[in-house]
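K.L.:
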Amino acid sequence: MIIAAPGPSSRLFGPADDVVGDIVADPGGTRSRSLWHRSGADVLVRCRGFDVPELVASGAVDAGVTGYDVCVEWSLAHDEPLNLYALAATRTSFVTYCTVAGREVETIYTEYPAITAAWLRAHARQNSARIVRMRGSTEGIIRVDDHGAGVLLVTSGQTLAANGLDMDVPLLATDMCLVTRASSRGWGVTAGKKVLPMPSFAGGDDARATAVGGPAHGD
């Protein structure tokens with residue numbers, strides 16, 4: 195089995211490495227210059243966290259470990275379902291709408307354009323706002339744009355506070371998850387793991403919100 199997980203340069207490396215060892219024995223996390231590692235019949239491939247769903251969907255790897263938020267974004271952007279499974283919690287964060295209180299928002303900056311668009315459609319909120327795709331560290335840009343907001347991944351909230359932003363509406367709770375193709379045989383790694391639904395605003399009869407105040411993924 196070939197499994198993809200975030201590499202040492204990824205912000206997801208630490209949380210992912212905490213759970214990869216439960217799937218691949220001796221994942222070689224300290225071998226920072228090696229981006230692949232064989233353990234018996236299994237191969238672990240290190241890559242960018244946002245690339246894991248693409249590698250799984252393309253068949254290049256059999257399964258992947260990355261953020262639930264990353265998998266939801268990819269599935270919505272490509273209109274392609276993936277099988278998502280809960281792993282032991284490591285650091286629950288929230289994808290949330292952020293801005294300065296009282297602003298009239300015209301632009302939403304985000305790493306999650308597909309999640310943002312789906313949420314806006316579902317809630318008829320700021321529907322006229324322009325969505326600008328960013329690649330991280332958007333809090334400063336939101337702050338200096340008098341009509342800016344953002345849909346961001348927030349863990350501690352310290353960066354938001356330092357830039358004078360308010361966490362207005364949390365969209366979904368997120369943690370590390372195991373992802374496979376919808377047609378996957380499971381390879382045994384999915385046994386006993388809970389299937390994670392897409393968030394309620396994404397549509398679908400089995401979609402269920404992951405809400406603030408409760409455990410991640412609606413557990």
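When you read off a place in the sequence shown, starting at 1, and then add 194, the result is the number in the numbering used here. Positions of the beta carbon are idealized from the N, C-alpha and C atoms, including for glycine.
So, helix, strand or coil for Y262, using DSSP?
P.N.:
Correct three-state label for Y262: helix.
K.L.:
Going straight from the alpha carbon of D360 to that of C292, what length do you get?
P.N.:
Rounded to the nearest angstrom, the two C-alpha atoms are 5 Å apart.
K.L.:
Evaluate R232 with the Cβ neighbour count: other Cβ atoms within 10 Å of its Cβ, from every protein chain shown; 16 or more gives buried, anything less gives exposed.
P.N.:
R232 comes out exposed.
K.L.:
Going along the chain, which unbroken runs of the alpha helix (DSSP H) with 4 or more residues stay wholly within the segment 269-347?
P.N.:
Listed in chain order, they are 307-317 and 333-338.
K.L.:
Can you check DSSP and say which residues form a bridge with R375?
P.N.:
Answer is L276.
K.L.:
Sort out for me which residues DSSP pairs P200 with in a bridge.
P.N.:
DSSP output for P200 lists C241 as bridge partner(s).
K.L.:
Please report the Cβ distance between F279 and L390, rounded to the nearest whole angstrom; I am assuming they are in contact, meaning their Cβ atoms lie under 8 Å.
P.N.:
The amino acid occupying residue 279 in the given sequence is Tyr; Phe does not appear at that position. That belief holds up - the Cβ atoms of Y279 and L390 are roughly 6 Å apart, short of 8 Å.
K.L.:
Can you tell me whether R324 is buried or exposed, with buried defined as 16 or more other CB within 10 angstroms of its CB?
P.N.:
Exposed is the call here.
K.L.:
How long is the line joining the alpha carbons of V255 and S322, rounded to whole angstroms?
P.N.:
Computed Cα separation, rounded: 39 Å.
K.L.:
Check for me: the alpha helix (DSSP H) holding T353 runs from which residue to which?
P.N.:
Per DSSP, T353 belongs to the alpha helix (DSSP H) from Q352 to A356.
K.L.:
Within the same chain, show all residues whose beta-carbon is closer than 8 Å to that of R329, passing over the 5 residues directly before and after it, in chain order.
P.N.:
Only E305 meet the Cβ criterion.
K.L.:
Tell me whether G342 is buried or exposed, calling it buried when 16 or more other Cβ atoms sit within 10 Å of its Cβ.
P.N.:
Buried.
K.L.:
Using a threshold of 8 Å, state whether the C-beta atoms of G258 and V266 are closer than that.
P.N.:
In this structure, V266 does not lie closer than 8 Å to G258 by Cβ.
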